[in-house]
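Numbering (the numbering used here), first residue to last: 144 to 286.
Note that the Cβ used here is the ideal one computed from N, Cα and C, for glycine as well.
First up is the structure itself, then whatever we jot down about it.
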């Protein structure tokens, strides 16, 4: 389970050091994909395989499903953390997520999200009140 918020920095080679708390779970390799809200999503190989299985069941006759599947798989890069827990964020992923030097890494339970620090601050501020005000009916019975 991935939890918490961390603020690593990208180095000059586009490498990001993953939080120490996550490294054991990610040591076998990760899949870095375009995520929602212009963030990056980092999955373990097993979680990526499960997500892939579900996505390949989507109807290719549905244009929105087809577009999502294409974006998801074409926007995914396999990485293996080095001995210092770093992964290389591709130039295309850095462009998509607006990543520069300062980043935010958040645990999102079964995967990790990587955000531009300013984008995360905006997103978090815009959604904080909704989180505080959430009630069971608005979230489909998950509370």
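Three-state secondary structure assigned by DSSP to residue i
{"i": "residue 170", "result": "coil"}
{"i": "residue 215", "result": "helix"}
{"i": "residue 192", "result": "helix"}
{"i": "residue 150", "result": "coil"}
{"i": "residue 200", "result": "coil"}
{"i": "residue 225", "result": "coil"}
{"i": "residue 243", "result": "coil"}
{"i": "residue 270", "result": "helix"}
Opposing strand residues paired with residue i [DSSP bridges]
{"i": "residue 220", "result": "175"}
{"i": "residue 158", "result": "231"}
{"i": "residue 256", "result": "184, 249"}
{"i": "residue 145", "result": "252"}
Nonlocal neighbours in the same chain, by C-beta distance under 8 Å from residue i, ignoring five residues either side
{"i": "residue 246", "result": "150, 151, 152, 153, 159, 257, 258, 259, 260"}
{"i": "residue 163", "result": "228"}
Of the residues the options, the one placed nearest residue i, counting alpha carbons only
{"i": "residue 213", "options": "226, 225, 195", "result": "195"}
{"i": "residue 86", "options": "169, 173, 157, 164", "result": "Only positions 144 to 286 of the chain appear in the structure, and residue 86 is not among them; the question remains open."}
{"i": "residue 183", "options": "207, 206, 168, 221", "result": "221"}
{"i": "residue 167", "options": "226, 273, 262", "result": "226"}
{"i": "residue 161", "options": "185, 210, 274, 234", "result": "185"}
{"i": "residue 198", "options": "163, 224, 211, 235", "result": "211"}
{"i": "residue 155", "options": "206, 179, 231", "result": "231"}
{"i": "residue 171", "options": "248, 148, 223", "result": "223"}
Beta-carbon contacts of residue i that lie in its chain and below 7 Å, excluding the five residues immediately before and after
{"i": "residue 244", "result": "152, 153"}
{"i": "residue 262", "result": "181, 241"}
Proximal residues to residue i (C-beta, below 6 Å), its chain only, five neighbours per side dropped
{"i": "residue 191", "result": "174"}
{"i": "residue 253", "result": "190"}
{"i": "residue 233", "result": "220"}
{"i": "residue 203", "result": "209"}
{"i": "residue 229", "result": "158, 160"}
Residue i beta carbon near the ligand SAM (any heavy atom closer than 7 Å)
{"i": "residue 181", "result": "This structure lacks the ligand SAM, and indeed carries no ligand of any kind."}
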